[in-house]
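Structure first, then comments.
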Ligand code: SAM
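In my numbering, the protein residues as written are 13 to 285.
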């Protein structure tokens, strides 16, 4: 009898986000297909799982899919994982699942973390209708063209972006989507998790003021009629609080929290005047 292909979501940073069912399935299957065996081994070691691993990544998807399907059809149960999050979501696996379905092989999802939904669920942007576009194109011309195509859509737009391209991406978002509300979610579920909220221009300035931008990033853009995110300049917001009797330090802390910045960043802006 044919086995099952399990599509298993794994943590996107915090190892405690592994579901009980994911750990059980990864421990019970005959083989785990993963992008980077060293990365997945770390996760499995944490949970005391000793299932054998086989690599499955964008460069061997085609040939490895066939091999894995033959094993499943011969009765083996196989789990597919990616380095982090949900397989197939801007990650390999589509070819394998598509072929499994074509052949009537059972495919079962083991749901769990995904940066897309984690970011969206805590963004404060409308979630009733959204478009996930994966990674923004690397080349500026293609990126701008895509943003122009998406501009008329009245829904939240969600992208993955690399930290070394975020400033260029925000420049293009500002040029094409203007003052639509933007949320940049960085390092979700990790120690330095943060949400930067504002216009693309303001988030750009906040990030450009840092020595470097590191970590993993999800960029979200609200629809144009979304209630505007409070775009009062940082300095004015601090002044307003100070005038109401709050100490300068406390005002910086409050404004930093409201705008997804660190207290030090706000303090620096105030003192740079
Ligand atoms: N399949 C994964 C998922 O379900 O989230 C996404 C894989 S994709 C190759 C990796 C990208 O996802 C990163 O470059 C980043 O844009 C986003 N990402 C992954 N983990 C993240 C995290 N902890 N915080 C923010 N973004 C994250």
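No residue lacks a Cβ here, since even glycine has one placed at the ideal position from N, Cα and C. Please read these numbers as outputs of a predicted model, since none were measured by experiment.
Helix, strand or coil at residue i [DSSP, three-state]
i           : result
residue 197 : strand
residue 167 : coil
residue 33  : helix
residue 49  : helix
residue 121 : strand
residue 67  : strand
residue 209 : strand
residue 261 : helix
residue 173 : strand
residue 153 : helix
residue 97  : strand
residue 13  : coil
residue 183 : helix
residue 129 : helix
residue 271 : helix
residue 137 : coil
residue 107 : helix
residue 72  : coil
residue 225 : coil
residue 148 : coil
Sub-7 Å separation of residue i and residue j beta-carbons
i           : j           : result
residue 5   : residue 112 : With the chain covering 13 to 285 only, the question about residue 5 has no answer from this structure.
residue 117 : residue 84  : yes
residue 170 : residue 144 : yes
residue 107 : residue 77  : yes
residue 124 : residue 34  : yes
residue 229 : residue 175 : yes
residue 166 : residue 265 : no
residue 195 : residue 209 : yes
residue 185 : residue 225 : no
residue 189 : residue 233 : yes
residue 253 : residue 268 : no
residue 73  : residue 99  : no
residue 19  : residue 92  : yes
residue 198 : residue 227 : yes
residue 215 : residue 182 : yes
residue 130 : residue 17  : no
residue 87  : residue 39  : no
residue 43  : residue 22  : no
residue 61  : residue 45  : no
residue 37  : residue 101 : no
Heavy atom of ligand 1 within 6 Å of residue i beta-carbon
i           : result
residue 172 : yes
residue 210 : no
residue 135 : no
residue 127 : yes
residue 200 : yes
residue 228 : yes
residue 48  : no
residue 141 : no
residue 79  : no
residue 45  : no
residue 98  : yes
residue 67  : no
residue 25  : yes
residue 178 : no
residue 102 : yes
residue 259 : no
residue 94  : yes
For residue i, the residue or residues it bridges with in DSSP
i           : result
residue 92  : 19 and 45
residue 232 : 170 and 195
residue 143 : 169
Contact test: residue i Cβ vs ligand 3 heavy atom, cutoff 6 Å
i           : result
residue 200 : Ligand 3 is not part of this structure, which contains only ligand 1.
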